[in-house]
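Working notes for the structure below.
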Amino acid sequence: MNIYERRRIKNTLASGLALACVVLALIPLVYILAEVVIKGAPALSWEFLTSRTVGTGEPGEGIGNAIVGTLLLVFYAGLIGLPVGILTGIYVSEYGNNRFGTTVRFFNDVLANFPSIVVGLLAYALVVAYLDVGFSLIAGAFALAIIMIPIVANTTEEALRMVPNSLREGALALGVPRWRTVLKVMLTNARSGIVTGSLLSIARIAGETAPLLLTAFYSSYWSFSPTEPVASLPLTIFRNYNSPSDVLLEQAWGASLVLILIVLSLNIGVRILMRPRKRKHKAVKRRWMTRLSRKT
Amino acid sequence: MSELDLEKKEMNEERIAMPHRGGGTWKIVLAAIVAAAILIAGAFATGLLSIGGDEESVTLTGAGATFPMPLILKWADEYYNETDQSVKVDYAGGGSGAGITQIKDNNVDFAGTDAPLSAADSTTYGLVHIPETLGAVVVAFNEPTVSSLKLDGSTLARIFMKNITAWDDPEITVLNPGVTLPSEQITTIVRSDSSGTTFVFSGYLAKISSEFDELYGQGKSVSWPDAIGASGNSGVTQTIKTTAHSIGYIELSYAIENDVPFAQLENHDGNFVTASLETTSAAAASFTLPAGDGDWSGVNILDQPGANAYPIASFTYILVYKELHNDGSSMNKTAAQALLDFLWWCLHEDGQAYGPDLHYAELPASVVAINEATLNSITYDGEVLR
Amino acid sequence: MRGNEKGTSVLRGKPLSFGGDLVFRYSVMVVATLTLALVWLLVIMMVIDASSSIDTFGLGFVTGDVWDPNRDVYGALPFIFGTLLTTGIALIIGVPLSIGIAVYLSELAPPYLRGPLSFVVELLAAVPSVIYGLWAMYALRPVIVGTVEPFLSDILGWTPLFAGDSVGLDKFTAGIILAIMIIPTIASVSKEAMMAVPDSQREAALSLGATRYETTRMAVLTYARSGIFGATILGLGRAVGETMAVAMTIGNANVISWSLLDPGQTMASLIANNWGEAQDLQLSALIEMGLVLFVVALVVNVFARLMVGRFMKAVPSTGGGL
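Protein chains in written order, with this note's numbering: chain L, 2 to 297; chain C, 113 to 498; chain A, 6 to 327.
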């Protein structure tokens, strides 16, 4: 066997290995998704989606207020966490080649490693106790934002780092101010990575339970004021799981399914909006229009 | 201009334009804001959301033990309808310890706990105990060939202390004549999290077996030897169901709802009793409770005399402040009144009637009388409210 | 530069804008400082709340192996042990699988598969841990008890790592479910890192006659190394702090035992288990446990960075292009 054949075999083996990884890892992953769909689908109904949670397992109960609660929590958390995370990522990647930058990157990793229940404790100490807002939607959003920040900052930094220097240098050489370079050129090219990071962080916080226990508390009613406790899907799932009723357990699976569907639609929605505009087609069309309209 | 020049011009135009996707990021932000605005607007429109809430409605919050949670939530829901939606009660579980901490910090209006407070704690903070229902802890098991099992206190203690390790140990077989027990090892399943259920169960074992009391003692957490721990009553129930030859302790309602067989236990009078609502209530029949603001630390209804009394029964308590307008409390008079009215409703027939369907025992009349006296002694700014 | 009014070019605007640059740079720096502030706040708050436990036990907390709320004696060693073991298993299994998936998705997958598969993988990051735990109890555990663990016992039962019998609720099962939970995160972020590698790198390698595998190894993996590392850190963060799924699979035994087939306990799971009922000294001890957890994760982090940092020096830190 000569060296070429050996290399070719290695190549095939490696490709096979990669495929095997995918299959191996996908089996449990798809199995879990399937379980959620199979066990959760029976619970779905219009009543289920629009009734409020009661906690007794009797007919007429649903997860409507939990759905709205989770959406609001994610929205407020994103409002705080996404800008902070992205800007931190920009800082570390663009201006962070000094000691301060390294420190920030380091602390960011540290933040990522805090157990979520401790983050909840901080939000409790700051918002619920110190600012005396009490258990509230805004306290919960604050806790979730803290969890989001390291994920978004990390992925933003990496995404920006991967943009080839040539683009940045080209823009700077043409006289584009630094800040514009970053915002227009770098961000646009790193967009896919940043969006993935943001969506990942949203998916993560949508399913977090522990930080909400001490902050958003819970509410079985249709109240969504920022300074009042609010229901949420993960806490509903947790509560239902811990109750003896099997109706509630089925609703827990239903709530998980709804949670996944929400994240799914968010993912799809963002991807659709982000589709690159087909400049090429427009240019070709324009060219043909000009040609056709011109008198030969 | 020739065609070639025109094409060149167009190509140049394309090249000069940097890879700029036409403000895609802004579109996303805009879309998100629009979506949220629609959401919130819709909520307002359908009357689901209202700033500040109705002036009429009162919201009371509670936290604490998970054992009575289904019942309290049921009461909350029924009372909401009873009062034409003007009183909203929320109970969030979280564990007795969390409830006690929250009420000490005045973050909640009432707390639920399975274990009573120490005398020092109740006097320092000025909290009163109100037992609102009764529960039973049962010994559930999973032994495929066995459908009914009889055990007594000391055997039970020895099983959980790992002095008895096999299902066909003579101490077990002597209590179960006619039942064939396999020679498999017993896997004991216990609570890994701190819980009132463990407190009650270990309290019973400590009362019956002085050896258990010395080595392990009663507590919300016990260092059980060689056991598998699971989280929450649900966790233990599911672990028992999926582990053959296992035995563990759970609340009665979980055993019934999940169809898990449980053992008959020998009570104080020597009868083998099956846990049920009647036998649980029987356990509370002869116990004298202290006054609401007294020392409840020694209260337990374990191993009580009575032909039909189930040995591992227990109260669960609601804690409220004796003086509802204390430092740090943000409760106003309407809310205080609402809280007392709600508790009164729960403790009497209106509320207690919902218990049995959810597998909670109704309070005996003597206990209700004590609770009435307690509620009548609660004040707001020194004024008695009832 | 004048041109068409529809500004598609970045060349609009003043060529020199020092003011804008300064404002931008400093506002971004201020925001970045927030991260620092948050971490300091967290640490300070935790130290304050853990002070009574720190005073009582001192260093003995980290070396003590008894956790007894009834006698108010607390030691963290069994849980540090459990966390390290389960996280170790999770990373050893999860990282290679994730990289394999990322390589497949970014280099090998046909275009019609790439989108949907990436989607599915990202979606799984949203599954709440209770569900992972439930699935582990009912679907994973029977497989492990029935097939995997007997196999391991037969072959490796003589080693202290795989000694003894088990009912499937042990550190091994917990490690496996953790691995499954961190794969979506590591795979997605690694995939993004790999896809961001400029084609020029791949083309350069291919033009030199490299096979697909060699190209991937030389050009893509090397270039994306820091991104993959970052992804692993994120995965590590999730594994170390995971509570529900671990509590449902690890058997919750507060003892040190070398065998992976014995039940154990992790720091995060212990905190979550005891949080609801804890008061006073126990609460303080739990918070101190949280501090220890954070320090352990930090140490692993720093250690890993140092190890990988040596290799990462070769890659320019600002995405050097051609």
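Idealized CB from N, CA, C, for every residue including glycine.
Could you spell out where the beta strand (DSSP E) holding Tyr422 of chain C opens and where it closes? Here Tyr422 of chain C belongs to no beta strand (DSSP E), and DSSP marks it neither H nor E.
Helix, strand or coil for Lys434 of chain C? Go by DSSP, reduced to three states. coil
Mind checking whether Ala269 of chain C and Phe324 of chain C have CB atoms under 7 Å apart? yes
Anything in chain C within Cβ reach of Pro74 of chain A, meaning under 8 Å, just list it in chain order. Ser306, Gly331, Lys332 and Ser333
Could you work out which residues of chain L lie near Ala131 of chain A, taking near to mean beta carbons separated by less than 7 Å? Ala204, Ala207, Gly208, Leu260, Ile261 and Val264
Buried versus exposed call for Asn243 of chain L [16 or more other C-beta atoms within 10 Å across all chains shown]: buried
Thinking just about the alpha-carbon of each residue, which of A:Gly69, A:Val148 and A:Met199 is nearest to the one in Gly80 of chain A? A:Gly69
Under a Cβ-count criterion, where at least 16 other Cβ atoms within 10 Å of its own Cβ denotes burial, should Glu208 of chain A be classed as buried or exposed? exposed
Would you check if the distance between the CB atom of Pro230 of chain L and the CB atom of Phe239 of chain L is smaller than 7 Å? no
Is Ala40 of chain A close to chain L, meaning its C-beta is less than 7 Å from at least one C-beta of that chain? Inspection of the sequence shows that residue 40 of chain A is occupied by Thr rather than by Ala. At least one chain L Cβ lies under 7 Å of Thr40 of chain A.
Could you tell me whether the region 346–365 of chain C touches the region 249–257 of chain C, where touching means 3 or more Cβ pairs closer than 8 Å? yes
Contact set between the region 257–268 of chain A and chain L, restricted to residues whose Cβ is under 8 Å from the partner: none
What are the residues in the region 353–381 of chain C lying within 8 Å of chain L by C-beta distance? Glu363, Ser365, Tyr366, Ile368, Glu369 and Asn370
Would you call the region 275–294 of chain A and the region 94–109 of chain A touching, i.e. three or more CB-CB distances under 8 Å? no
Residue burial classification, Asn241 of chain L (beta-carbon count within 10 angstroms, cutoff 16): buried
Nearest chain A C-beta to Pro235 of chain L closer than 7 Å, yes or no? yes
List the endpoints of the continuous alpha helix (DSSP H) containing Lys200 of chain C. Unbroken run through Lys200 of chain C is the beta strand (DSSP E), Val199 to Gly206; no alpha helix (DSSP H).
In this structure, does DSSP put Asn254 of chain C in helix, strand or coil? strand
Using 10 angstroms around the beta-carbon of Ile39 of chain L, count the other beta-carbons present and answer buried if the total reaches 16, otherwise exposed. exposed
At the 7 Å Cβ level, is Gly238 of chain C part of the contact set with chain A, yes or no? no
Is it buried or exposed, Ile320 of chain C, if we count other Cβ atoms within 10 angstroms and call 16 or more buried? buried
Apart from the five residues just before and just after Gly418 of chain C, which ones in its own chain have a Cβ nearer than 8 Å to its Cβ? Asn379, His380, Asp381, Ala394, Ala395, Ala397 and Ser398
CB Leu316 of chain C to CB Leu414 of chain C, shorter than 7 Å? Checking the sequence, you will find Tyr at residue 316 of chain C rather than Leu. Against a cut-off of 7 Å, the Cβ pair of Leu414 of chain C and Tyr316 of chain C comes out as a contact.
Of the residues L:Phe143, L:Ser266 and L:Arg292, which one's Cα is nearest the Cα of Glu127 of chain A? L:Ser266
Taking contact to mean 3 or more Cβ pairs, one atom from each stretch, closer than 8 Å, check whether the region 291–308 of chain C and the region 198–218 of chain C are in contact. yes
For Leu82 of chain A, which residues in the same chain have their Cβ closer than 8 Å to its Cβ, ignoring the five residues on either side in sequence? Val67, Thr68, Gly69, Asp70 and Ile261
What separation, rounded to the nearest whole angstrom, lies between the Cα atoms of Ile163 of chain C and Asp202 of chain C? Because the pLDDT of Ile163 of chain C is 46, which lies under 50, any placement of that residue in the model is unreliable, and the number read from its coordinates should be weighed accordingly. Rounded to whole angstroms, Ile163 of chain C to Asp202 of chain C spans 19 Å at the Cα level.
Could you check which residue in C:Phe179, C:Asp371 and C:Gly406 has the C-alpha nearest to that of Thr225 of chain C? C:Phe179
Taking C-beta pairs closer than 9 Å, name the residues in chain L that Met181 of chain C reaches, listed in chain order. Gly56, Arg240, Asn243 and Ser244
On the DSSP bridge list, what partners appear for Gln297 of chain C? C:Ala278
Rounded Cβ spacing between Val240 of chain C and Gly174 of chain C (contact assumed at less than 8 Å): Not a contact, Cβ separation roughly 15 Å.
Establish whether the CB of Leu174 of chain A and some CB of chain C are separated by less than 7 Å. yes
Using a 10 Å radius around the Cβ and a threshold of 16 neighbouring Cβ atoms, would you call Thr257 of chain C buried or exposed? exposed
At the level of alpha carbons, what is the spacing between Ser103 of chain A and Met142 of chain A? 23 Å
Which bits of chain A does Trp180 of chain L rub up against, with CB to CB less than 8 Å? Ser22, Gly25, Asp26, Val28, Phe29 and Arg30
Do Gly247 of chain C and Ser426 of chain C have their C-beta atoms within less than 7 Å of each other? yes
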